[in-house]
Amino acid sequence: MSDKSPIEKIKEASDHLRGTLKESLKDELTGAIREDDQAVIKFHGMYQQDDRDRREERAEKKLERLYSFMIRLRLPGGFLTPEQWIAVYNIAGEHSTGVIKITSRQTLQLHGIIKSDIKPTIKAFSEAKLDSIATCGDINRNVLCSSHPKQSPIHEQVFAYADKISQLLMPKTKAYYEIWLDEEVLVDKKEEEDSLYQERYLPRKFKIAIAIPPNNDVDVFANDIGLVAVIENDVLKGFNIAIGGGLSSTHGNAETYPRLATVIGFVDSEEKTLKAVYEIATIQRDYGNRSDRKLARLKYTLDKYGVEWFVKELETRIGFSLEPAKEIVFTSRKDFFGWDKNSEDLWYYTAFVENGRILDDENTKLKSALLAIAKTGKANFRFTCNQNVIISDVLTEDKNTISNILAEFGIDAGTEATSVIRKNSMACVAFPTCPLALAEAQRYLPSLIDKIELLLGKHSLDNEEIIIRMTGCPNGCARSYAAEIGFVGTALGKYNMHLGGDRIGERLNKIYKENIGEEEILFSLDELFNTYASNKETNETFGDFSLRQNWVSN
Ligand code: SRM
Ligand code: SF4
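Positions in the sequence shown are counted from 1; adding 1 to them yields the working numbering.
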């Protein structure tokens, strides 16, 4: 057995995720926290970062890096009340860069929070009944659920599972409350004994999503556990369970790979669903790789021990057998923009948010518009895994009020004017905050799309709903391996270009060209679009066509 990784030792020695965070916070000589605490703080939903645009300048002046923190909220299913939106708006203005970022996992992040502002930020979140517990770290993360309530008349019932699962897999430690909210120090440590996470937590991050077919907007197969709701005649029959999805790889490490989850069976009740989810996590806790973090996700555990072994172990732990998976069909993986109504006559407006960045700029005043909407108290807010926002649950008599605000701030016109290709695109954060970025993503993709739009126009492909995604490194945060055209950063200005993913998230793409810059990207796309436009069959997607042409191997 190889040695445990350093992070394993930090977790075990952390006194249930306390570490020396209190001491780190008091140290006024640096904007950073102690090294071990940088691992511990992730379990509290925060990352220490620094402004990478300013590293060189700071180094020249012999100053320490410009440290700040990113805080990620826990929002199961991605839902906020108007009061909570106002709180997030105020907190973002007071303590962060001001930009509110919708993530590819349906929650919100604030960047640029300096050390002394962390506690006031968490306290303000807490007053709005929001927290950031377990949104990072080796633990179950924010639980996803298909966003749009129009999806099914029983959306609410399925959606409630996101919260139930989030609660079920929450750590028992009181560290968050003690450190950030100054609650009394726990004397009887028995209260936080944690039968799921014990002292060691999971070997690696753990992600769960719930999809409501026919839309796979959550990219359910990209998760450690994917639950697919099986609904017959508007009755929830249960869930198909898929396990072992994960989209990261490491350049040059052939042992790492993106993988879609394998469907292992069906469960027909809430009790069975929760039991299965819990025990899949305990198997990963007990068998996941704790020495090599690159190989520690559930996908590697599953491939090491085999699906048959895993299911047998799971059935032993849950005490019942899984039923054969039910037939389900996905037909899309997108957001439906504009106004829509659900079965209860409530209205929903989905607005396009480029790469999830909510801000006011010279073109759009989205941040102000959402504040004005929240102030009416007549709409909730839902976030999608494609980084967009749904202004939701609007009564018919209030629809005009919301429409007028959307018009006043140009949000509806902006969403309508956005091209199909842009609406279906997504990029991760990358520079300047992500320490792992090798190339730009959210700061670059918009300008690349400008040029791709022209190429699509040239080949009369403007209305093709091709999914383009870009990440600044191979970690896959914008799920670029599951796109029809994926760009994966290799170095500044350079990307691997991937082709052949499908439109519904059931097939990954493959590398088409390595390490290319913008000129070659556009030259390649021009040729590919030309061939596609002339030879595609009716309704043949670009991803399917890429395979038929053998541009990448199947
Ligand atoms: Fe991610 C790490 C941002 C979704 C795979 N991801 C990071 C960090 C925290 C960098 C770090 O470790 O210091 C990035 C912070 C950037 C910043 O400044 O904000 C980061 N990941 C994001 C977000 C914000 C991208 C976005 O633009 O929306 C997404 C936040 C989701 C959330 O709300 O929880 C985000 N990350 C994803 C996804 C997509 C998904 O889950 O559907 C993936 C691929 C799926 C998967 O997990 O396999 C993903 N992020 C990673 C990985 C690779 C994990 C692995 O298995 O090796 C890392 C690196 C790591 O964990 O070591 C990472
Ligand atoms: Fe950072 Fe890489 Fe994730 Fe982009 S894909 S946010 S560059 S870790």
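Don't be surprised by glycine CBs; every beta carbon is placed ideally from N, CA and C.
Bear in mind that the values here come from a model prediction, so they are computed numbers and not experimental data.
Determine, using beta-carbon pairs with one atom in the segment 280 to 287 and one in the segment 213 to 220, whether at least three such pairs fall under 8 Å.
At 8 Å Cβ cutoff, the stretches do not touch.
Measuring only the C-alpha atoms, how far is K43 from Y198?
Locating residue 43 in the sequence shown gives position 42, where the first residue counts as 1. Locating residue 198 in the sequence shown gives position 197, where the first residue counts as 1. Looking at the two C-alpha atoms, the distance is approximately 15 Å.
Specify the secondary structure class of G506 as computed by DSSP and reduced to three states.
The count along the sequence shown starts at 1 and reaches residue 506 at position 505. In this structure, G506 counts as coil in the three-state DSSP scheme.
Quick check: does the Cβ of L1 come within less than 7 Å of any heavy atom belonging to the ligand SF4?
Look at the range of the chain in this structure, 2 to 555, and you will see that residue 1 is not part of it.
Which first and last residues belong to the beta strand (DSSP E) in which E515 is found?
The residue given as residue 515 occupies position 514 in the sequence shown. That run of the beta strand (DSSP E) goes K511 to I517.
Distance between P150 and K366 (C-alpha atoms, nearest Å)
Numbered from its first residue, the sequence shown carries residue 366 at position 365. Numbered from its first residue, the sequence shown carries residue 150 at position 149. If I take the Cα positions, the gap works out to 26 Å.
Taking the alpha helix (DSSP H) that S369 falls in, what are its first and last residues?
For the purposes of this step, residue 369 is taken as the residue at position 368 of the sequence shown. Looking at the DSSP string, the run of the alpha helix (DSSP H) that includes S369 is L367 to T377.
Are the segment 455 to 466 and the segment 488 to 499 touching by the rule of at least three beta carbon pairs closer than 8 Å?
Because the criterion of three Cβ pairs below 8 Å is not met, the segment 455 to 466 and the segment 488 to 499 do not touch.
My assumption, with CB atoms under 8 Å, is that D304 sits in contact with S6. Please give the rounded CB distance.
Walking along the sequence shown from the start, residue 304 turns up at place 303. Walking along the sequence shown from the start, residue 6 turns up at place 5. 19 Å between Cβ atoms; not a contact.
Rounded to whole angstroms, what's the CA-CA distance from G557 to E61? Just pull it up for me.
Missing from the structure shown is residue 557; the chain here goes from 2 to 555 and no further.
Applying the criterion that 16 or more other CB atoms from any shown protein chain within 10 Å of the CB defines a buried residue, is V236 buried or exposed?
Position 235 of the sequence shown, counting from 1, holds the residue named residue 236. So V236 counts as exposed.
In the DSSP assignment, find the alpha helix (DSSP H) that holds G307 and state where it starts and stops.
Translated into positions along the sequence shown, residue 307 becomes position 306. Taken as a continuous stretch (DSSP letters only), G307 belongs to no alpha helix (DSSP H), as it is neither H nor E.
Through-space distance from F382 to N464, alpha-carbon basis
Translated into the one-based positions of the sequence shown, residue 464 becomes position 463. Translated into the one-based positions of the sequence shown, residue 382 becomes position 381. Rounded to whole angstroms, N464 and F382 show a C-alpha spacing of 28 Å.
Where are the alpha helix (DSSP H) runs, 4 residues long or more, that stay fully inside the segment 360 to 439, in chain order?
Counting whole runs of 4 or more residues, the segment 360 to 439 contains the alpha helix (DSSP H) stretches 367 to 377, 400 to 409, 412 to 418 and 421 to 424.
Continuous beta strand (DSSP E) stretch holding R286: start and end
Taking the sequence shown and counting its residues from 1, one reaches residue 286 at position 285. No beta strand (DSSP E) holds R286; the alpha helix (DSSP H) holding it covers E271 to Y288.
Who sits around the ligand SF4, taking every residue whose Cβ is closer than 5 Å to one of its heavy atoms?
Here the list is C429, V430, A431, C435, L437, A438, T472, G473, C474, N476 and C478.
First and last residue of the uninterrupted alpha helix (DSSP H) at L182
As a working mapping, residue 182 is identified with position 181 in the sequence shown. For L182, the enclosing alpha helix (DSSP H) starts and ends at A176 to L182.
Distance, D37 Cα to E185 Cα
Position 184 of the sequence shown, counted from the first residue, corresponds to residue 185. Position 36 of the sequence shown, counted from the first residue, corresponds to residue 37. For E185 and D37, the distance between alpha carbons rounds to 24 Å.
Other residues of its chain near D336: CB distance less than 6 Å, five sequence neighbours each side excluded:
Counting from 1 along the sequence shown, the entry for residue 336 is found at position 335. Closer than 6 Å at Cβ, skipping near neighbours: T351, T385, N387 and N389.
Run the CB neighbour count on G518, radius 10 Å, all protein chains shown included, and call it buried at 16 or more, exposed below.
Stepping through the sequence shown from its first residue, residue 518 is reached at position 517. Of the residues assessed, G518 falls on the exposed side of the cut-off, its CB having fewer than 16 other CB atoms within 10 angstroms.
Take L81 and list the residues in its own chain whose beta-carbon comes closer than 6 Å to its own, dropping the five residues that flank it on each side.
Looking up residue 81 in the sequence shown gives position 80. Counting only Cβ-Cβ distances below 6 Å, and skipping sequence neighbours, we find F382.
Return yes when at least one heavy atom of the ligand SRM lies under 7 Å from the C-beta of K208, else no.
Working through the sequence shown from its first residue, we reach residue 208 at position 207. For the ligand SRM, at least one heavy atom lies less than 7 Å from the Cβ of K208.
Could you check what DSSP says for A210 in three-state terms: helix, strand or coil?
Residue mapping note: residue 210 aligns to position 209 of the sequence shown, counting from 1. Three-state DSSP puts A210 in a strand.
Three-state secondary structure (DSSP) of Q50:
The residue given as residue 50 occupies position 49 in the sequence shown. Per DSSP, reduced to three states, the secondary structure at Q50 is strand.
At the level of alpha carbons, what is the spacing between I119 and K173?
By 1-based counting over the sequence shown, the position of residue 119 is 118. By 1-based counting over the sequence shown, the position of residue 173 is 172. Cα to Cα, the separation comes out at about 22 Å.
Residue span of the beta strand (DSSP E) that contains I155, given as start and end
Taking the first residue of the sequence shown as position 1, residue 155 is located at position 154. Careful: I155 lies outside any beta strand (DSSP E) and carries neither H nor E.
Leaving aside the five residues before and after L18 along the sequence, list all residues of the same chain whose C-beta is less than 6 Å from its C-beta, in chain order.
On the sequence shown, residue 18 is found 17 positions in, with the first residue counted as 1. Hits under 6 Å: V41, F44, T174 and A176.
Reduced DSSP category for T532 - H, G, I as helix; E, B as strand; rest coil:
Translated into the one-based positions of the sequence shown, residue 532 becomes position 531. If DSSP states are grouped into helix, strand and coil, T532 belongs with the helices.
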